[in-house]
Amino acid sequence: MRVIKVLFLLAFFFFCMLFFVQNTAILETPLLLKLEVFGLHAETAAVPFYVVLLLSFVAGGFFCTLYFLAEKVRLASSVRSLQNKVNAMEKQLAQKKSTVASPLVTPNYAAATASPTTMPASEDTAAAKKDDA
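Read left to right, the sequence shown gives residues 73 to 205 (the working numbering).
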């Protein structure tokens, strides 16, 4: 994936440089930016158009970086809170398993619940032999 990213960045840089070289006459024309709001007047010095273009590109990259950094912090806090919930639920599950693993009944629970009509296997075979005779 890194190789693809590097190749993409190289191609992007190549096409940007090609654009700048082929359009130097247009990009070097001076640009004067004005802003008039509520009687206030602001005006920049005449700068080449390519400077405005490059500064716009850098400003866009900076604001995108700030946005994605804030998003990463938000997602990290969300992951942290969800991990805390998972840990709490795992502790609760472990506590429930420990109470189920050590029941409060006697170890001879199966023998105590056997019905009195059931005969042990040795008595059952003796009764069957008596019936055959």
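Virtual Cβ for every residue (Gly too), placed ideally from N, Cα, C. Remember, it's a predicted structure, so these values are computed and weren't measured experimentally.
In this structure, the beta-carbon distance from V119 to L103 falls below 8 Å. Residue pairing from DSSP leaves K77 without any beta-bridge partner.
For secondary structure counted as the beta strand (DSSP E) over 3 or more consecutive residues, the region 107-143 holds these complete runs in sequence order: 112-115. The C-alpha of A83 lies about 59 Å from the C-alpha of K169. Under the three-state reduction of DSSP output, L105 falls in the coil class, being neither helix nor strand. For E162, the secondary structure class from DSSP, reduced to helix, strand or coil, is helix. Just so you know, the alpha carbons of L125 and F135 end up roughly 16 Å apart.
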